[in-house]
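Q:
Chains as they are written, first to last, in my numbering: chain W, 1 to 236; chain F, 1 to 342; chain H, 1 to 158.
1. Are residue 13 (chain W) and residue 30 (chain W) touching if we call contact CB-CB under 7 Å?
2. With 16 other CB atoms within 10 Å as the buried threshold, where does residue 160 (chain F) fall?
3. With a Cβ-Cβ cutoff of 7 Å, do residue 278 (chain F) and residue 229 (chain F) count as a contact?
4. Leaving out the 5 sequence neighbours to the left and right, which residues in its chain are closer than 8 Å to residue 16 (chain H) when beta-carbon positions are compared?
5. Could you tell me which whole beta strand (DSSP E) segments of length 3 or greater appear in the segment 18 to 52 of chain H?
6. Can you tell me whether residue 142 (chain H) is buried or exposed? The criterion is at least 16 other CB atoms within 10 Å of its CB, across all chains shown.
7. With DSSP run on the structure shown, which of helix, strand or coil describes residue 82 (chain F)?
8. Determine whether the Cβ of residue 34 (chain H) lies closer than 7 Å to any Cβ atom of chain F.
9. Within 7 Å (strictly less), CB to CB, does residue 65 (chain W) reach chain F?
10. Could you tell me which residues DSSP puts in a beta bridge with residue 269 (chain F)?
11. Contact between the segment 137 to 146 of chain W and the segment 71 to 86 of chain F is defined here as three or more beta-carbon pairs at a separation below 8 Å; is this criterion met?
12. Of all the options H:94, H:10, H:62, H:69, which has the alpha carbon lying nearest to the alpha carbon of residue 34 (chain H)?
13. Kindly indicate which three-state DSSP category residue 137 (chain F) falls into: helix, strand or coil?
14. What are the complete alpha helix (DSSP H) segments, minimum 4 residues, inside the segment 84 to 128 of chain F?
15. For residue 194 (chain F), tell me which candidate among F:269, F:71, F:325 has the shortest Cα-Cα distance.
16. Just checking: is the beta-carbon of residue 202 (chain F) within a distance shorter than 7 Å of some beta-carbon in chain W?
17. Whether or not the segment 40 to 56 of chain F and the segment 128 to 139 of chain F are in contact is what I'm after, with contact meaning three or more pairs of Cβ atoms, one per stretch, closer than 8 Å; do they touch?
18. Would you kindly check if the distance between the Cβ of residue 159 (chain W) and the Cβ of residue 122 (chain W) is under 7 Å?
19. On the DSSP letters alone, give me the boundaries of the alpha helix (DSSP H) that residue 79 (chain H) sits inside.
20. Got a sec? Which residues, its chain only, sit under 8 Å from residue 328 (chain F) by beta carbon, not counting five neighbours each side?
21. Three or more beta-carbon pairs under 8 Å between the segment 170 to 181 of chain F and the segment 67 to 77 of chain H, yes or no?
22. Could you tell me which whole alpha helix (DSSP H) segments of length 4 or greater appear in the segment 66 to 151 of chain W?
23. Could you check how far apart the C-beta atoms of residue 9 (chain H) and residue 46 (chain H) are, in whole angstroms? I think they sit under 8 Å.
24. Does any CB atom of chain W fall closer than 7 Å to the CB of residue 68 (chain F)?
25. Given that residue 23 (chain H) touches chain F, what residues does it touch there, using C-beta distances under 9 Å?
26. For residue 48 (chain H) and residue 36 (chain H), I'd like the C-alpha separation in whole angstroms.
27. I'd like the span of the beta strand (DSSP E) that includes residue 114 (chain H), first residue to last.
28. Got a sec? Which residues, its chain only, sit under 6 Å from residue 50 (chain F) by beta carbon, not counting five neighbours each side?
29. For residue 258 (chain F) and chain W, any beta-carbon pair shorter than 7 Å?
30. Would you please verify whether the beta carbon of residue 131 (chain H) is less than 7 Å from any beta carbon of chain F?
31. Please list the segments of the alpha helix (DSSP H) lying wholly inside the segment 185 to 229 of chain W, counting only runs of 4 or more residues, in order along the chain.
32. Run through chain H and tell me which residues come within less than 9 Å of residue 332 (chain F), C-beta to C-beta.
33. Compare the C-beta of residue 91 (chain F) with all C-beta atoms of chain W and state if any pair is closer than 7 Å.
34. Tell me which same chain residues have a C-beta within less than 7 Å of the C-beta of residue 60 (chain H), skipping the five on either side of it?
35. Using 8 Å as the threshold, is the segment 67 to 81 of chain W in touch with the segment 26 to 34 of chain F, meaning 3 or more CB pairs across them?
36. Would you check if there are 3 or more beta carbon pairs closer than 8 Å linking the segment 204 to 224 of chain F to the segment 142 to 157 of chain F?
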């Protein structure tokens, strides 16, 4: 028991146990983020913002100044805050819908402007909180409640690849997975360092949603590993 | 110091003198000069900044972000932009963000004209999925664009409701003399950040009762403080048999008409609400109760009237509504119209 | 109080002379309110300018009938018919008169009209009108001093 890593110090104890579903990828991403914040000693500088969607369940996750925003508007709120108080480290924590659908133009424009905020996109290929509808990152033939015959409608959106075509040279863009948390952790650390240097950063974390995928534990892990073939991992 | 300025320039200058440090905005006629004037200010003063956003939603939320950091910020928009900004405005209601917004009403209904109307009253006062926990000042001349913008920032940061200057394209584009303060006495400074350690804000809740309680608390608080915020102007109403009700620049024209009609022996006055939210209901009822006829004049269909009509229920006065959606009233035509009712 | 309405094609300089007149009134210590009226097009289309000058503060920038109406283009007649009252005095710009009423080049015809408005309405002193004109065109006059001479003579053309 003594060998288990402790909760990140920046966690808010009162909000634990958390409200995420069993098997959800969010707690893994949040724990890695918490560890990075602890290790970098930046808890007094971080401002955390969450979107509508499952990310909102993290509104009281950390003992950090946090606000939840309207859907897709986390990034512009973060930009406003960062411009007003550049000393803070502002993190926009969103899902695939907030980053790539309703908030897509904010994601793109913020990258174009090289605003130094860090966006973390938790990508589970569906709109989970609302019950599993089509998302920009739903893969071909994936069955969702709004693509019951399997998605064929439009091309799967590859966020980091898209941003790479418009990002400045100093921006940091990466894609990790909750299946390899320590690698993801490195990406998160680099993303925050990039913000401190004054540049845009975005890390997408391919994540699991067993409830909406309707998968048991082994199938969930299998699915995530299949997604890793669809969504290229690494730094862009 | 007297200066000769365009309304939109006055608004930007007032925001500057009030202590605003940031403007977020998207160009839209007839508000665009506010953005452009602020951009010129930023050239001279490096402590100021401007972000022209990708759309009005980003502008509204950008202002919220800045306010969360304790830095006064504002935006300006009109018409379709006002609609997109409701997303941000209602979140500001919920999170008690002191954002200040200038609404330069243009033609109503869709993109309409870029010129003028009073058709954004309902939208600006109650445009969120909410109970309208907002403060809305309806200005009627260039000097008020300046004075009430200074006030709007003070009131927003004191009471923590999103606060609006509701003007229109006529006020924004007209040019004339304004008295500008040059001693900085209205400048807000050393404001505290809202998002600090220990603060976790949300606007999404789990149970009906949770949010129900919060809305009731907000409503109680709003009603408790409204007396200190409500403003109105009464002009020649004391013995008036006919009382006109108008807001904004229509009230300015109505005042001229009242003078003219009084000269011709008419018994007429004007009640002008200055805050549309909170509406000065008690003051209005007291004055309107004494009149025989109440005539509402607005460049919309009933948007001003519905703010107070319910309060008149049971009173012994006749209510006449003169609606000219998206079209202005000259003083001469108000005189003509009123004479036909005498 | 004097109510002036100026109308013409977008690009004829209607707004410029309206602004100069209003600014001149401000310099003179009078009260004035100016407001443009226009559509969405950046160029072309009919342009209207309202100027109200008075000794006391002007409360409303528009009016039903003009005291002085200056028309710079034939096409704009249609737009302003309703503003003509029994007392309205009408000034026609050189373009409406086929260019016959002015010896100066078209680019200053709007200033010609401005001079006529001020003469007819006795709105402001010539001195303040010139001051306001010079303020507005300061950059252009600096680049081209002949322009200043041209504009001043336009202001005083009878």
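Glycine included, each C-beta is placed from N, C-alpha and C at the ideal position.
A quick note: this is a predicted structure, and the numbers were derived from the prediction, not measured.
A: Reading it off the structure:
1. Taking 7 Å as the cut-off, the Cβ atoms of residue 13 (chain W) and residue 30 (chain W) do not count as close.
2. Sixteen is the threshold: when 16 or more other Cβ atoms of the shown chains lie within 10 Å of the Cβ of residue 160 (chain F), as they do, the residue is buried.
3. In this structure, residue 229 (chain F) lies closer than 7 Å to residue 278 (chain F) by Cβ.
4. Within the same chain, residue 16 (chain H) has close Cβ partners 110, 136.
5. Runs found: 31 to 37.
6. Burial call: exposed.
7. Three-state result, residue 82 (chain F): helix.
8. So yes, residue 34 (chain H) belongs to the interface.
9. For residue 65 (chain W), the answer is yes, since a Cβ of chain F falls inside 7 Å of its Cβ.
10. As a beta-bridge residue in DSSP terms, residue 269 (chain F) pairs with F:243.
11. By the Cβ test, the segment 137 to 146 of chain W is not in contact with the segment 71 to 86 of chain F, since fewer than three Cβ pairs between them sit closer than 8 Å.
12. The shortest Cα separation from residue 34 (chain H) among H:94, H:10, H:62, H:69 belongs to H:62.
13. Looking at residue 137 (chain F) - three-state DSSP - the assignment turns out to be strand.
14. You should have 121 to 126.
15. When each option's Cα is compared against that of residue 194 (chain F), the closest is F:71.
16. Chain W, which has a Cβ nearer than 7 Å to the Cβ of residue 202 (chain F), makes this yes.
17. Taking a contact to require three or more Cβ pairs closer than 8 Å, the segment 128 to 139 of chain F and the segment 40 to 56 of chain F do not qualify as touching.
18. It is not a contact, given that the beta carbons lie outside the stated cut-off.
19. For residue 79 (chain H), the enclosing alpha helix (DSSP H) has its first and last residue at 77 to 80.
20. Spatial neighbours of residue 328 (chain F) in its own chain (CB-CB distance under 8 Å, excluding positions within 5 residues in sequence) are listed in chain order as 116, 170, 249, 250, 253, 299.
21. Under the three-pair Cβ rule at 8 Å, the segment 170 to 181 of chain F does not count as touching the segment 67 to 77 of chain H.
22. Counting only runs of 4+ residues, the alpha helix (DSSP H) found wholly inside the segment 66 to 151 of chain W occupies 74 to 84, 96 to 100, 104 to 113, in chain order.
23. That belief holds up - the Cβ atoms of residue 9 (chain H) and residue 46 (chain H) are roughly 7 Å apart, short of 8 Å.
24. The beta carbon of residue 68 (chain F) sits closer than 7 Å to some beta carbon of chain W.
25. Annotation: Cβ neighbours of residue 23 (chain H) in chain F (cutoff 9 Å, chain order): 4, 175.
26. Residue 48 (chain H) and residue 36 (chain H) have their C-alpha atoms some 6 Å from each other.
27. Unbroken run through residue 114 (chain H) is the alpha helix (DSSP H), 109 to 121; no beta strand (DSSP E).
28. For residue 50 (chain F), where only same-chain residues beyond five positions count, the Cβ hits under 6 Å are 23, 38, 39, 42.
29. No, residue 258 (chain F) lies away from the interface with chain W (no Cβ there is under 7 Å from its Cβ).
30. No, no contact with chain F.
31. You should have 210 to 213.
32. The contacting residues are 63, 64, 65.
33. Yes, because at least one Cβ of chain W sits closer than 7 Å to the Cβ of residue 91 (chain F).
34. The beta carbon of residue 60 (chain H) sits closer than 7 Å to no other beta carbon from its chain once the five residues preceding and following it are set aside.
35. Result no; under three Cβ-Cβ pairs closer than 8 Å.
36. Not touching, per the Cβ criterion.
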